[in-house]
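Numbering (mature numbering (1 follows the signal peptide of the UniProt record, and there is no 0)), first residue to last: -31 to -1, 1 to 479.
Here you go:
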C-alpha cells in the first residue's frame, strides 16, 4: 500500500516531488510566523513563556484609547536564535478575539467543489465549435481545417466534462475502500486518472489554439478569431488543479518558491496561521511599476523584530504557469528590510505566504484566491510527500473542522479528561503550544513522553495523536491563550484549507 501511495503523490507532483522531500537540517532556527497587523495602525505585543519566546497574534485598531491586555490570538513557538534577546513588552491596544466556532464538526467522505468556471469553460468550448463550423460557408478549405480543430476542441470539452461527472464518485470510492488492500489502491488509481482530465483538457486546448489560426489563414478569419478567443478564455476558466513542489526546512517549515512582480523565484514560508503575503523588497521585481501603495501597516515577530510595510497591487507567480491576477502584496519598507532579512536568514526564506482565511493579519487577502479557474478555491498541503495542490480538494475528506486556522478543538493529555480549547491549526507553528490550563503546569514545555490526542470540537473524532519527544514538545502558554498545533498534523497526512468565507480545515484520506 505504501508504494501505491507514494506513486499517487508522484503523479500529482511530478518528478520533482518523486525525488522526495528536501530536509535542510543546517537551519537551526525556526521561523515564527505569528504575524500581527492591521493596515496603517497595528502594534506588536510579544511576551515570554518559559524557555522559549512566544509571540501573540492579534488585531488592533487605533481609534478608542482603551487599554487591554492581549490574552488571545495565535501563539506560536519562537525562533530559537531570537529567544535570548526577547523581552516582555506591554502596549496599549484594543484586543480583538481570534475567530472561533462552536459549530459541531461534520465528518464527510467526499468533497463538494464548485464547478462554475469549469461549466463556463465547457460552454465556451461549445461556442468555439459553433464558430468554427461557420468557416465552411466562407471557404471549403477553411471548413476542412475547421473540422480538425473542432475535433480537438470537442476532446477538451469531453475531458472537462469527464472530470465534472466523475470526480465525486471517484473520491467516494477512495473513501469507501480505506482499509481494503488492493481495492483501495485501484480506487486511488481511478481518482488520479480522473483528476488528470483537466490537465489533459489544457493540452488539448493548447493543440486547438495551434490549429485554429490555419482556419483564419484559409479565409475564415472572423470565425478563427472568435474561436481562438473562446478557447483562450476556456483554458483559463478550465484550470482546476496546480501541483507545486515544496521543501521542508529544519523539519518544521514548509517552503514554496514564488516570484513577485516578475522578480526572481524566491523561497517563502507557507503559513496557515496568517493571511496575506509579506516579502522583503529586495526580492520584488521591477517588471512593472508598483504604483502607489494601497495601504500601510506595522507588524512584528517575537524575538525583537518589528517592521512597517506597504501594500501594493501586483502579480504573484508560483511557477509552472500558475500566475495570479493583480493582487495585494505586503512589501516590507526599505528602512526595515535588513532587519527582516536578518531575522529570516537562518530559516532560509525571504517572506511569509499566509493562507489562513480567518487568521488575523497582516492581510488583506490570500494571494492564491486571485488565481484563474478553480485554482483559488483552496490549498492541499502534503508535507510528507513534498507538494501542495492549488484548487478544489483533490482527495476525499476524512473529517473537516469549521474555520481555518482559528477553530475550536478538544485536547486530551495522557488519557485524561477531554478539554475544549480555542486552537489554531498552524503550519508555521513550529512545535506548537499548550495552554497551562490543559497542560497542568504553568511554564516550560510538556515533558518528553507525554501523550497528546486532539479531537474535533464535539470530542467525537480523533484528528491526530502523538507522544512528545525532544525537540518535538509544545511550549506552555497562559491559560487563556490558544493551543497551537505546530507542524505535526501537517507531517502526518494531507490537509486541505478551503479559502471560502472563514474557511475550513479538512484532514483527508489518502
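Note that beta-carbon positions come from the ideal geometry of N, C-alpha and C, so glycine has one too.
Predicted model only: the values in this text are computed from it and were never measured.
Assumed close pair residue 357, residue 238 - CB separation to whole angstroms, cut-off 8 Å: Wrong, their Cβ atoms sit about 13 Å apart, outside the cutoff.
Span of the alpha helix (DSSP H), counted from its first residue to its last, around residue 312: 306 to 314
Residue 453 - partner residues in DSSP beta bridges: 393 and 402
CA-to-CA distance, residue 301 to residue 263, given in whole angstroms: 14 Å
Candidates 431, 111, 363 and 240, of which the one nearest residue 336 by Cα: 240
Within 8 Å, strictly: CB atoms of residue 295 and residue 284: yes
C-beta atoms of residue 107 and residue 192 nearer than 8 Å: yes
Beta-carbon contacts of residue 173 that lie in its chain and below 7 Å, excluding the five residues immediately before and after: 121, 124, 125 and 128
Candidates 118, 346, 354 and 209, of which the one nearest residue 216 by Cα: 354
For residue 187 and residue 111, believed in contact at Cβ under 8 Å, the rounded distance: 4 Å
8 Å Cβ shell around residue 334 - same chain, five flanking residues per side excluded: 244, 245, 296 and 297
Cβ-based burial, residue 470 [other Cβ within 10 Å; buried from 16]: exposed
Check whether residue 476 and residue 455 have beta carbons under 8 Å apart: no
Sub-8 Å separation of residue 166 and residue 132 beta-carbons: yes
Meets three-Cβ-pair contact criterion under 8 Å: the segment 443 to 460 and the segment 393 to 407: yes
Cβ pair count under 8 Å reaching 3, the segment 225 to 234 against the segment 144 to 151: no
Contact between the segment 365 to 375 and the segment 436 to 449 (3+ Cβ pairs under 8 Å): no
Pair within 8 Å by beta-carbon distance, residue 113 and residue 207: no
Own chain, CB closer than 6 Å to residue 414, minus 5 neighbours either side, in chain order: 442 and 444
Contact check, residue 274 vs residue 316, beta carbons under 8 Å: no
Cβ-Cβ distance between residue 340 and residue 291 below 8 Å: yes
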